[in-house]
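Only one structure is covered here, and it is reproduced in the block below.
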Amino acid sequence: MYFEDVEKESQGSKRNRLIEKHYFAGVYKKSEDLWEEVLEYIDVVYDEDYLEHIYIMGDGASWIKSGVDVLGAKCHFVLDKFHLNQAIMRAIGHLGDSVSDARKAIYDGIRSEDKKAVNTVFDIALEYSDSENRKEQIRRTRVYISNHWEAIIRPNHDEYARMGCSAEGQVSHLLSSRLSSRPLGWSKEGVTKMARLRAYVANDGKVCDLIKYKQEKQHRMIQDEIKIEVDKEIKRKQKTYTDVWNHQTVAGSTRLVDGMYCLTKKLRGII
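The opening residue of the sequence shown carries number 1 in full-length UniProt numbering; numbering runs sequentially from there.
Structure below.
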């Protein structure tokens, strides 16, 4: 999902509204195919000279971060708050009454860009962990934050990176409610068509217009197929006529040559 900015739904409302949002959905062979589609949309809608920054927000999965390479130098990755907080709470959830203090200490370290202070909290969490599984979770969270440190602290000095991301809710609303909220079986082709259809409607597309377009497209395809077959038949008949003509011409030429040879021979006999 692409959007320009966030604003309140109405004055005094706690709910936000995404400005100029646009959905992309489907099954792609490569993640680059998705980002190429996003890039094409941006090129059509915006003047690149006036486009200052593009932000990709997500959980840090490789397919998400690969968009930075496709969208270019103006694009930056930001780790969204939901997944950051989710990872932190998985690591410190066993601390009981001290969870709030530990969480505050981690976010204070992020705001001051003090990675050492953040790791100190994880050291304490490791010390008070009661199982190897918990310790492994803390280590994974430490690595996760370390690997995405620049994407985590970017909002500290970039106000546009602070707007947050509502991807989870949007996915639930657009796709999960139809594709996976109830036990269903989908083929790759079927899930792609349904996902693209829901994205089309969410982007203010009209289903009637889509049906009309597909009918017209199918009609054009049928006309093109008929034209191809007609052209093949014309070429086949042209070749047949050409072969017959060439055969008759060669035969006529042979008779003419034979006649000239006989005439020449007779003339030489007279001479």
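Built from N, CA and C at the ideal position, the CB exists for glycine as well.
Query: Grouping DSSP H, G and I as helix and E and B as strand, with all else coil, what is E7?; Result: strand
Query: Can you list, in chain order, the residues of its chain whose CB lies under 7 Å from that of R103, leaving out five sequence neighbours each side?; Result: I88, I92
Query: Please identify the residue among G205, E229, A61, V38 whose C-alpha is closest to the C-alpha of I54.; Result: V38
Query: Hey, E32 and V70 are a contact pair by Cβ (cut 8 Å); roughly how many whole angstroms apart?; Result: 6 Å
Query: What are the partner residues of H22, as DSSP defines its beta bridges?; Result: Y2
Query: If you measure between the beta carbons of V44 and I56, is that distance less than 8 Å?; Result: no
Query: Q86: buried (16+ other C-beta within 10 angstroms of its C-beta) or exposed?; Result: exposed
Query: CA-CA distance, A25 and D130?; Result: 42 Å
Query: In three-state terms, what does DSSP make of L210?; Result: The pLDDT assigned to L210 is 49, lower than 50, so where the model puts this residue is not dependable; a value taken from the coordinates is nonetheless given after this. Three-state result, L210: helix.
Query: With a threshold of 16 other CB atoms inside 10 Å of the CB of Q223, please say whether the residue is buried or exposed.; Result: exposed
Query: Could you work out which residue in K21, K14, R90, Q11 is closest to E4 when comparing CA atoms only?; Result: K21
Query: I think K115 touches W149, with their Cβ atoms under 8 Å apart; what is that distance to the nearest whole Å?; Result: 6 Å
Query: Is any heavy atom of the ligand HEM found at a distance shorter than 7 Å from the C-beta of K115?; Result: Within the structure as shown, the ligand HEM is missing, as the structure has no ligands at all.
Query: My understanding is that residue 308 touches E168, with C-beta atoms under 8 Å, so please give their C-beta distance in whole angstroms.; Result: Residue numbering for the chain in the displayed model covers 1 to 271; residue 308 lies beyond these limits and cannot be assessed.
Query: With distances taken Cα to Cα, identify the nearest neighbour of Y144 among A61, I228, N203.; Result: A61
Query: Which residues in the same chain as R178 place their Cβ atom closer than 7 Å to its Cβ, once the five residues preceding and following it in sequence are excluded?; Result: M194, R198
Query: What would DSSP say about L79, mapped onto helix, strand or coil?; Result: strand
Query: Output the distance between the C-alpha atoms of W186 and L175, rounded to the nearest integer angstrom.; Result: 13 Å
Query: CB I110 to CB F122, shorter than 8 Å?; Result: no
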